[in-house]
Amino acid sequence: MDTQHSSINAIETTDSTEAFAPIAAPPQQREENFVDDFSPTAPNTLEDAGLHPNDLYPLVLKYLFLHGSRAGSRVAAQLKLPFHVVEPILQALKTDMLIGHKSNAGMSDYSYEITPKGVEQAKIHLARTSYCGAAPVSIQDYNKSVKAQSLKRLKPTYDDVKRALSDLTLSDLMICQLGQAINSGKGMFLFGAPGNGKTSIAERAIASVHEFIWIPRALTVSGEVIRLYDPMQHEAAPLADNGLITISDIDERWIRIKRPTIVVGGELEMKHLEATLNPITGIIEAPVHVKSNCGCMVVDDFGRQQISTTELLNRWIVPMESGHDFMNLPSGRQVSLPFEQLLIFSTNLDPNELCDEAFLRRIPYKIEVFDPTEEQFKHLFQKTLYEMKFHVEEGVVDHLIEYHYKRPGRPFRFCHVGDLLNQAKDFCDFHRRDLLLDRNIVELAVLNYFSGMEPSKN
Numbered sequence: 000m001d002t003q004h005s006s007i008n009a010i011e012t013t014d015s016t017e018a019f020a021p022i023a024a025p026p027q028q029r030e031e032n033f034v035d036d037f038s039p040t041a042p043n044t045l046e047d048a049g050l051h052p053n054d055l056y057p058l059v060l061k062y063l064f065l066h067g068s069r070a071g072s073r074v075a076a077q078l079k080l081p082f083h084v085v086e087p088i089l090q091a092l093k094t095d096m097l098i099g100h101k102s103n104a105g106m107s108d109y110s111y112e113i114t115p116k117g118v119e120q121a122k123i124h125l126a127r128t129s130y131c132g133a134a135p136v137s138i139q140d141y142n143k144s145v146k147a148q149s150l151k152r153l154k155p156t157y158d159d160v161k162r163a164l165s166d167l168t169l170s171d172l173m174i175c176q177l178g179q180a181i182n183s184g185k186g187m188f189l190f191g192a193p194g195n196g197k198t199s200i201a202e203r204a205i206a207s208v209h210e211f212i213w214i215p216r217a218l219t220v221s222g223e224v225i226r227l228y229d230p231m232q233h234e235a236a237p238l239a240d241n242g243l244i245t246i247s248d249i250d251e252r253w254i255r256i257k258r259p260t261i262v263v264g265g266e267l268e269m270k271h272l273e274a275t276l277n278p279i280t281g282i283i284e285a286p287v288h289v290k291s292n293c294g295c296m297v298v299d300d301f302g303r304q305q306i307s308t309t310e311l312l313n314r315w316i317v318p319m320e321s322g323h324d325f326m327n328l329p330s331g332r333q334v335s336l337p338f339e340q341l342l343i344f345s346t347n348l349d350p351n352e353l354c355d356e357a358f359l360r361r362i363p364y365k366i367e368v369f370d371p372t373e374e375q376f377k378h379l380f381q382k383t384l385y386e387m388k389f390h391v392e393e394g395v396v397d398h399l400i401e402y403h404y405k406r407p408g409r410p411f412r413f414c415h416v417g418d419l420l421n422q423a424k425d426f427c428d429f430h431r432r433d434l435l436l437d438r439n440i441v442e443l444a445v446l447n448y449f450s451g452m453e454p455s456k457n
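Just so you know, we're using numbering that gives the first Met the number 0 here: the sequence shown kicks off at 0 and counts up by one.
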């Protein structure tokens, strides 16, 4: 094992880029790798939308009950469907005397209000769930969208990966390893000492591929609505008219977002891997790995979760191989959904102590994130000093390395650079001084930061 690590380090610390220089794809290959945007087209009929009238009746009744009388066009806007698709639903509810006309609301439109009979029905529906937002998308349409936008269809180049990780100090070998893993669209294991940027690497990996995807706001399974779009996890990226496709052409039940990177850490529990019913609202939330489809899911601090590593790995071992997962709904139904994301496990612990060989074999890329070399540490220090606009006393960085790394045998860590310089900045701010890094400030920063942390070599 030591021999293997020594050989890897020897390669990684070589400055020459010839061994790992990017290989340019020929023009025809680049063209084949190009993937057009998936874009959901606005439906002309309820059948086009993949819905049944029973999917919309409860939404309309709950909306009118909770918000009072509304024009038909406003109801359609709430459901994110064209008015001509919603109008027959309104007429059917009126025929059944669940809603009625209150007044005219413009050409071929009326203001609708709920009737006493409709109130009774609305309360029954609200007892199940308070959801009355956008009309849901069928599971079949969602599955097609994931396949069309899958990471496995995208093949980022060396330059794409290097650009995505450009603010990190990484060797050519590391970029090649990461790029190959991203190209595969399969899982990877990032391991190594703390403070060397495993989480930072994982969070930036998805930036090497096409930036945007479309996801439904909600899904429907046999009348049950599952909320997929999560503003806390997804960043909306509204589409602007570009001449090729206009906003009016888009099915508004879908929302355009940046490819998600969802990070879960020690808080992860088994319940987060299943559809979750909010007992107050009755709304079903999709599990985290469904919310990260077509993006990246990072299991940070792997081995420190609320559930054991064995439970977590057993839960995902089949989906990782098959590309789909069976989601259990609160009603007892089970539905198959895609399991299509770049799954990254990041840990400071020894992978061999966390899981057995059978699971490690299913993670094809196991990438060790090494401590920086002295040269890399110096380079990052100088770069960060410049970015933070520090003036520097001559020889201060060499002094830091000699007396606080080499002599005590303390390993370099990438995180030390920012942490020590933030200490120096805090000192200067407190004493109302210009940003100057001298030996005295370095000694104080080292005292504050490393106290209680015994230096040790890996």
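C-beta: ideal position from N, C-alpha, C; glycine also.
Quick caveat, the model's predicted, so the values are computed rather than measured.
Residue 37 is not a Cβ neighbour of residue 176, given a cutoff of 7 Å.
Each of 309, 385, 383 was checked against the Cα of residue 350, and the nearest Cα belongs to 309. Contact between the stretch 163-177 and the stretch 244-258 is absent, with fewer than three C-beta pairs closer than 8 Å. When DSSP reads this structure, residue 304 sits in no beta bridge, so it has no partner.
With fewer than 16 other beta carbons inside 10 angstroms of its own, residue 406 counts as exposed. Between residue 174 and residue 160, the CB-CB gap stays under 7 Å.
Within the DSSP secondary-structure output, residue 333 pairs in a beta bridge with 327. DSSP, read as helix, strand or coil, puts residue 367 in strand. About 6 Å separates the beta carbon of residue 225 from that of residue 217, a gap short enough to meet the 8 Å contact definition. Listed in chain order, the alpha helix (DSSP H) runs fully inside the stretch 36-92 are 52-66, 71-78, counting runs of at least 4 residues. Scanning 353, 348, 404, 361 for the CA closest to the CA of residue 372 turns up 404. Straight across, the Cα-Cα distance linking residue 422 with residue 382 is about 17 Å.
Taking a contact as a CB-CB distance under 8 Å, the pair residue 163 and residue 201 does not count as one, their CB atoms being some 12 Å apart. For the pair of segments examined, the stretch 103-118 was found to touch the stretch 50-67: the number of CB pairs separated by less than 8 Å reaches three. Residue 446 sits exposed, since fewer than 16 C-beta atoms from the chains shown fall within 10 Å of its C-beta.
Taking C-alpha positions only, residue 428 is separated from residue 443 by approximately 14 Å.
For residue 346, there is no enclosing alpha helix (DSSP H); the residue is part of the beta strand (DSSP E) that begins and ends at 341-346. The residues 225, 274, 276, in chain order, have a CB closer than 6 Å to that of residue 283 in the same chain once the five nearest residues on each side in sequence are set aside.
Its Cα nearest to that of residue 210, the residue 293 stands out among 193, 293, 361, 103.
Judged by beta-carbon spacing, residue 342 lies beyond the 7 Å limit of residue 302, meaning their Cβ atoms are not closer than that value.
Following the DSSP letters along the chain, one finds residue 438 inside the alpha helix (DSSP H) bounded by residues 438-449.
Considered as a whole, the stretch 140-215 harbours 187-190, 211-215 as its complete beta strand (DSSP E) runs of no fewer than 3 residues, in chain order. For residue 386, the closest of 314, 416, 402 by C-alpha to C-alpha distance is 416. Sequence-distant Cβ neighbours of residue 80 in its own chain, meaning closer than 6 Å and more than five residues away, are 134. When secondary structure is reduced to three states using DSSP, residue 374 falls in the helix class. Measuring C-alpha to C-alpha distances from residue 95 to each of 365, 389, 344, 113 identifies 113 as the nearest.
DSSP, reduced to helix, strand and coil, places residue 117 within a helical segment of the structure shown. Excluding five sequence positions before and after residue 196, the CB atoms of its chain that fall closer than 7 Å to its own CB belong to 167, 368, 413, given in chain order. If you draw a straight line from the Cα of residue 279 to the Cα of residue 127, it is about 10 Å long. When DSSP states are grouped into helix, strand and coil, residue 351 belongs to the helix group. Ranked by how close their Cα comes to the Cα of residue 184, the residues 155, 425, 72 have 155 in first place. Burial check for residue 66: the Cβ neighbour count within 10 Å stays below 16, so the residue is exposed.
In the three-state DSSP reduction, residue 284 falls in the strand class (E or B).
Residue pairing by DSSP puts residue 235 in a beta bridge opposite 256. Its chain contains 134, 135, 219, 222 as the residues whose beta carbon lies nearer than 8 Å to that of residue 54, once the 5 sequence neighbours on both sides are disregarded; these appear in chain order. Sixteen is the threshold: since fewer than 16 other Cβ atoms of the shown chains lie within 10 Å of the Cβ of residue 433, the residue is exposed.
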